[in-house]
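For the sequence shown, the residue numbers in full-length UniProt numbering are 1 to 269.
Backbone N, C-alpha and C define an ideal beta-carbon position, used for all residues, glycine too.
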Amino acid sequence: MILHVTLKKMKNKEKDEILRSETEYEKFKNDYLNSYFESLNITSEEPDWNVMILQAMTFNEFQDCKAFMDMLEDDEYVGKYKFFIEKKFEDMIDWFLKVKLEINSRPLPAYAENNRKVCMLELYLAVKREGGHRRVTDNHMWAVIAKDMGLDYDDAELMRLMYAMYLDVLVYYYKVKCIQGTAEEKEVGEDTAAERRTRSMELIPGTSGQAAAEPEEGTDEHFALYAGNDWKGLRRLHTRRRFDFQRAKAAVDDANISVLAHSRKRNHV
1 MILHVTLKKM KNKEKDEILR SETEYEKFKN DYLNSYFESL NITSEEPDWN VMILQAMTFN
61 EFQDCKAFMD MLEDDEYVGK YKFFIEKKFE DMIDWFLKVK LEINSRPLPA YAENNRKVCM
121 LELYLAVKRE GGHRRVTDNH MWAVIAKDMG LDYDDAELMR LMYAMYLDVL VYYYKVKCIQ
181 GTAEEKEVGE DTAAERRTRS MELIPGTSGQ AAAEPEEGTD EHFALYAGND WKGLRRLHTR
241 RRFDFQRAKA AVDDANISVL AHSRKRNHV
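Here it is in structure tokens:
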């Protein structure tokens, strides 16, 4: 009994020691981390690189517009830097209308009745959330768009007109560029895969790829068949053709007839 009590006391003492050590460790860690972050001297005056990038952004070609609109896909980013993005979004529209479309009769910022400013960024995002211009128009949702922007239901037609005047062509250009970029990436991927397959065939003995890689004398003219072409043409050149048994049989029959004819002439002589 005494032994049991003694063991229990020892276990409790060891447990207390472990807990005390862990507590001291946590206190030391917290003190160290606090002193470390204080030494960094981080203040609210530290520059925000996202803001600096937005302020330095300029529009010299439509690819700049596409890059900026790609950034708007991040809802958290838009919510955090909306104040700076609104101004830059209007700068982009202004550049697109005046430089790309050569239209100088659409002032920015745009205003509704009673001198209420219409935020182009909010209009773009609201229509985008509802599925785009066509879906909003087909479902008669321009009144909803106007209300979401803090305007009246009666401003529905005005919102539709403003979207058509300021954003419709811009969004169309953006979608076209996105599709072109996706198609180009897919084409580059296919060409790269074809190039790898071609190089692999050149390393396999007995393949047409190896034969093309090691031409015999007098076959230099074969390079002219694919010189200057893209990898798709080169891939077609190296593609193994299906064996034509009928053509081969016809060639053998012609050869047999020719041999028999020459044999008869020789025997006749």
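- Query: Would you say the stretch 127-138 touches the stretch 92-99, given that touching needs at least three Cβ pairs under 8 Å?
  - Reply: no
Tell me the residue span of the alpha helix (DSSP H) that contains T58. Here residue 58 refers to the residue found at position 58 when the sequence shown is read from its first residue. Where T58 is concerned, there is no enclosing alpha helix (DSSP H), given that its DSSP letter is neither H nor E.
Exposed or buried, which one is C65 when buried takes at least 16 other CB atoms within 10 Å? Counted from its first residue, the sequence shown places residue 65 at position 65. Buried, since its Cβ has 16 or more Cβ neighbours within 10 Å.
Margin query: Can you tell me whether R116 is buried or exposed? The criterion is at least 16 other CB atoms within 10 Å of its CB, across all chains shown.
Written below: Your numbering for residue 116 matches position 116 in the sequence shown. Label assigned to R116: exposed.
Discussion item. Relative to the C-alpha of N60, which candidate in K100, Y172, L123 has its C-alpha closest?
Written reply: The count along the sequence shown starts at 1 and reaches residue 60 at position 60. Of the listed residues, the one whose Cα sits closest to N60 is K100.
In its own chain, which residues sit with a C-beta less than 7 Å from the C-beta of Y166, not counting the 5 before and 5 after it? Stepping through the sequence shown from its first residue, residue 166 is reached at position 166. Around Y166: I93, R106, A110, M120.
So for E26, helix, strand or coil by DSSP?
Start at 1 with the first residue of the sequence shown, and residue 26 comes out as number 26. Three-state result, E26: helix.
**Item:** Identity of the residue in Q180, Y32, Y81 nearest W49 by Cα
**Value:** In the sequence shown, counting from the first residue as 1, residue 49 sits at position 49. The shortest C-alpha separation from W49 is found at Y81.
> Considering only residues of the UniProt domain "ARID" (83-178), which uninterrupted alpha helix (DSSP H) runs meet the minimum length of 4 residues and lie entirely inside it, listed in chain order?
Replying inline: 120-129, 133-138, 142-148, 156-162
Practice task
Look at the Cβ atom of E84, then the Cβ atom of V118, and state whether they are nearer than 8 Å.
Solution key: Translated into positions along the sequence shown, residue 84 becomes position 84. Translated into positions along the sequence shown, residue 118 becomes position 118. One detail in the question is off: residue 84 reads as Phe in this sequence, not Glu. Not closer than 8 Å, so no.
Given a cut-off of 8 Å on the beta-carbon distance, is the pair A156 and A143 in contact? By 1-based counting over the sequence shown, the position of residue 156 is 156. By 1-based counting over the sequence shown, the position of residue 143 is 143. Cβ atoms of A156 and A143: closer than 8 Å.
Next on the checklist: Using only CA atoms, which one of G132, E76, L72, D152 lies nearest to V169?
Outcome noted: In the sequence shown, residue 169 corresponds to position 169, counting from 1. Taking only the C-alpha atoms, the option nearest V169 is G132.
Beta-carbon proximity list for L54, same chain, < 7 Å, skipping 5 on both sides = If you number the sequence shown from 1, residue 54 lands on position 54. Closer than 7 Å at Cβ, skipping near neighbours: Y81, F84, I85, K88.
For this session: Report the residue from D75, Y124, M71, A56 whose alpha carbon sits nearest the alpha carbon of L161.
Result: Position 161 of the sequence shown holds residue 161. Minimum Cα distance to L161 is reached at Y124.
Hey, residue 272 and Y153: beta-carbon distance below 8 Å or not? The shown model of the chain, from 1 to 269, leaves out residue 272, and the question about it has no answer.
Check: From this set, M141, Y172, V176, V171, which residue's C-alpha is nearest M159's C-alpha?
Finding: Counting from 1 along the sequence shown, the entry for residue 159 is found at position 159. Answer by Cα proximity: M141.
task: Mark Y163 as exposed unless 16 or more other C-beta atoms lie within 10 angstroms of its C-beta, in which case mark it buried.
output: The residue given as residue 163 occupies position 163 in the sequence shown. Buried, by the Cβ-count rule.
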